[in-house]
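Participant: First, the structure itself, so that you have it in front of you.
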Amino acid sequence: MGEKASADVGVIGLAVMGQNLALNMADHGFKVAVFNRTTQVMRGFVAQHPDTPGGLVGCEVLTDLVAAVKTPRKIILLVQAGPAVDAVVQQLLDAGIDRDDLVVDCGNSQWTDTIRREHAYAGRCQFFGSGVSGGEVGARFGPSLMPGGNAAAWTHLEPIWNAIAAKVDEQTGKPIETGTPGQPVTDGVPCTAYIGPNGAGHYVKMVHNGIEYIDMQLIAEAYSLLRYLLGAQSNELAEIFAQWNDGNLDSYLIQITADILRQRDPGHPDGFLVDYILDTAQQKGTGKWTSINALDLGIPANAMAEAVFGRCLSALKEERVEASIHLSGPAYTYRGNRDDLIAAVHDALYCAKICAYAQGFQLLRAAQPEYGWELDLATIASIWRGGCIIRARFLQKITDAYKRDPGLVNLLLDPYVNAQIQQGQSQWRAVVTLAAQAGIAAPACMAALAYYDGYRSAWLPANLVQAQRDYFGAHTYERTDQPRGTFFHLDWPAPGRPQQVIPTSRPSTAL
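Count along the sequence shown from 1, then add 561; that gives the number in the numbering used here.
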């Protein structure tokens, strides 16, 4: 096993993410004790990497790992979310970890589980939940890290997280290129920061994923519109996305979309891989969690929900194929200018993307009183500038917006963001109209526009909805000529009865 109590940090779980995080830490000079349930995996991993700067210490049992890590111990869990996390923590407690030792769950755990675990393990260890975004490459060379737990205990984890996180340029906010094995990036601002207590880190990671869902859906809708309206081939679309990546749509997801669209299919060298991939998108649940939580908190994250529903609809492949035989849409041929359409879809994508971020940050704002957190929205935006899947040029503008006004109610109300929407909304509306006329599904783009139009409306037809609720269920209503918070009920006539004088509405205590 090696010298006892010589390791700076321990890692449990050596699937791809666990291995890459361990190597990332070792590249930065930290000695890493590693354990895997299948011992042969651990042995092979250590044997394959004998010369990391920090060094790897292979541990065959958890008591060896606990003995190998210096106190206060920092032990990183990369095991499957759910019961496995609790099982491993209990095994660590049995193996002798102390109340001051940090156990850091870096899986995609639900934030409510993290809140429960911090409470359940209080006094026996310092349980942390840290969001990790960036995929396999990010884990290896620099992810975005979102830790939540005890603030005092964070000081022990902070040097490691600052070292291994992605880095951005201090002046421009642009990501610094990833390093190479043994030569990590050390300059720049790390894409990590203390988020808050208990489940705050995992919650912020969940919202990140909710934004990721809609960002991907919006890009897919832009691809669909250009593909069908222009009849463009994948390599042509790749060039369009590559050009967009040089402007205000600059982002990791736009960049990889261009790469994907260029990729030839290994089995059909004359064709493109994307054209042979079945149109059914899977999901792991974080987008669904975000949408459910938005409903629970009363936040209108409709575009995020549409991105989840878009994947659900895609999964009904056989039903859709059958329905396509029986259900018809409009006969439409686009006869406009090619470059004009490309520019319009660009602006629609940008405006809808802004609304996606607005919904995500609106949800973060609403979560604070609900869960007792104080989230720094500017800092959250800043640590998403590099390493994570949604990293994008626009995140610097979001960072700036919340630095200017930490109490900003909605991102759309920031002067810069507002100006961007005003500049692009006519094109956005034209694209939504065009999609409807052509019968091309663009649910997320349409939902984002509905969100924008609803949010900017001083009046909505909800007065009629509330009257209906009072009519059939005596649910009461507020009045425009009375102070907010005073509720009324009307004794409505029975349906179909002749018009009659109705008693004046009266205050009600039934809510």
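Every residue gets a Cβ at the ideal spot worked out from N, C-alpha and C, and that includes glycine.
1. What distance in whole Å lies between the Cβ atoms of residue 692 and residue 635, which are believed to be in contact at a cut-off of 8 Å?
2. For residue 902, which of 818, 874, 992 and 828 has the nearest alpha-carbon?
3. So, are the CB atoms of residue 809 and residue 911 less than 8 Å apart?
4. By Cβ distance, which residues of its chain are closer than 6 Å to residue 895, with the 5 residues on each side in sequence left out?
5. Which residue marks the beginning of the beta strand (DSSP E) containing residue 573, and which one marks its end?
6. What residue range is occupied by the uninterrupted alpha helix (DSSP H) comprising residue 835?
7. Determine which residues share a DSSP beta bridge with residue 596 and list them.
8. Pairing CB atoms from the segment 949 to 965 with CB atoms from the segment 792 to 811, are three or more of them under 8 Å?
9. My guess is that residue 623 and residue 595 are in contact by the Cβ rule of under 8 Å, so how many angstroms apart are they, rounded?
10. Does the segment 960 to 979 come within contact of the segment 816 to 825, defined as at least 3 CB pairs closer than 8 Å?
11. Quick one: any contact between the segment 730 to 749 and the segment 829 to 849, if contact means 3 or more CB pairs under 8 Å?
12. Throw me the rounded Cβ distance for the residue 570 and residue 721 pair, which I believe falls under 8 Å.
13. Just curious, the beta strand (DSSP E) that residue 973 is in, first and last residue?
14. Measuring CB to CB, does residue 782 end up less than 8 Å from residue 620?
15. Please determine, among 996, 732, 707 and 637, the residue with the shortest C-alpha to C-alpha distance to residue 597.
16. Going by CA-CA distance only, name the one from 581, 805, 893 and 618 that's closest to residue 1001.
17. Scan the segment 696 to 734 and note each continuous beta strand (DSSP E) run of 3 residues or more that stays entirely inside, going in chain order.
18. Does DSSP classify residue 631 as helix, strand or coil?
19. Going by C-alpha distance, which of 880, 975 and 872 is nearest residue 919?
20. So, is residue 867 buried or exposed, given that buried needs 16 or more other C-beta atoms within 10 angstroms?
21. Using CA atoms only, rank isn't needed, just tell me which of 627, 1030 and 672 is closest to residue 650.
22. Can you list, in chain order, the residues of its chain whose CB lies under 8 Å from that of residue 654, leaving out five sequence neighbours each side?
23. Opposite residue 928 in the DSSP bridges: which residues?
24. List the endpoints of the continuous alpha helix (DSSP H) containing residue 802.
25. So, are the CB atoms of residue 568 and residue 631 less than 8 Å apart?
26. Would residue 675 pass as a contact of residue 706 if the rule is Cβ separation under 8 Å?
27. Bridge partners for residue 744 per DSSP, in chain order?
28. Looking at the structure shown, is residue 680 part of a helix, part of a strand, or coil, going by DSSP?
29. Ends of the alpha helix (DSSP H) at residue 691?
30. Look at the alpha carbon of residue 959 and the alpha carbon of residue 671, and state the distance between them as a whole number of angstroms.
31. Per the DSSP calculation, residue 1038 is bridged to which residue(s)?
32. Are the CB atoms of residue 936 and residue 648 within a distance shorter than 8 Å?
Facilitator: In short:
1. Their Cβ separation, rounded to whole angstroms, is 17 Å, which puts residue 635 and residue 692 out of contact at 8 Å.
2. Among 818, 874, 992 and 828, the Cα nearest to that of residue 902 belongs to 992.
3. Yes, the pair counts as a contact, with Cβ atoms nearer than the cut-off.
4. These residues qualify, in order along the chain: 790.
5. Membership of residue 573 in the beta strand (DSSP E) is indicated by the continuous run 570 to 573.
6. Secondary structure note for residue 835: it is in no alpha helix (DSSP H), with a DSSP letter that is neither H nor E.
7. Note: residue 596 sits in a beta bridge opposite 573.
8. Short answer: they touch.
9. The Cβ separation is near 12 Å, so there is no contact.
10. Touching, no.
11. Touching, no.
12. Contact flag correct, Cβ pair sits at about 6 Å.
13. From DSSP, residue 973 is part of no beta strand (DSSP E); its letter is neither H nor E.
14. Not closer than 8 Å, so no.
15. If we check each option's Cα against that of residue 597, 637 comes out closest.
16. When 581, 805, 893 and 618 are compared, the shortest CA-CA separation from residue 1001 is found for 893.
17. Qualifying beta strand (DSSP E) stretches, in chain order: 705 to 709.
18. If DSSP states are grouped into helix, strand and coil, residue 631 belongs with coil.
19. Out of 880, 975 and 872, the CA that lies nearest to the CA of residue 919 is found in 975.
20. Buried is the call here.
21. When only C-alpha atoms are compared, the closest one is 627.
22. If we look at residue 654 and ignore the five residues flanking it on each side, its Cβ neighbours are 682, 685 and 686.
23. Paired residue(s): none; residue 928 is not in a bridge.
24. Judged by DSSP secondary structure, residue 802 falls within the alpha helix (DSSP H) whose first and last residues are 795 to 805.
25. Result yes, Cβ atoms of residue 568 and residue 631 sit closer than 8 Å.
26. With contacts defined by Cβ atoms closer than 8 Å, residue 675 and residue 706 do not form a contacting pair.
27. Per the DSSP secondary-structure output, residue 744 pairs in a beta bridge with 741.
28. Looking at residue 680 - three-state DSSP - the assignment turns out to be helix.
29. Per DSSP, residue 691 belongs to no alpha helix (DSSP H); it is in the beta strand (DSSP E), 687 to 694.
30. Their backbone Cα atoms lie some 26 Å apart in a straight line.
31. Paired residues: 1049.
32. Inclusion of residue 648 and residue 936 in the CB contact set at 8 Å is not warranted, their separation being larger than that value.
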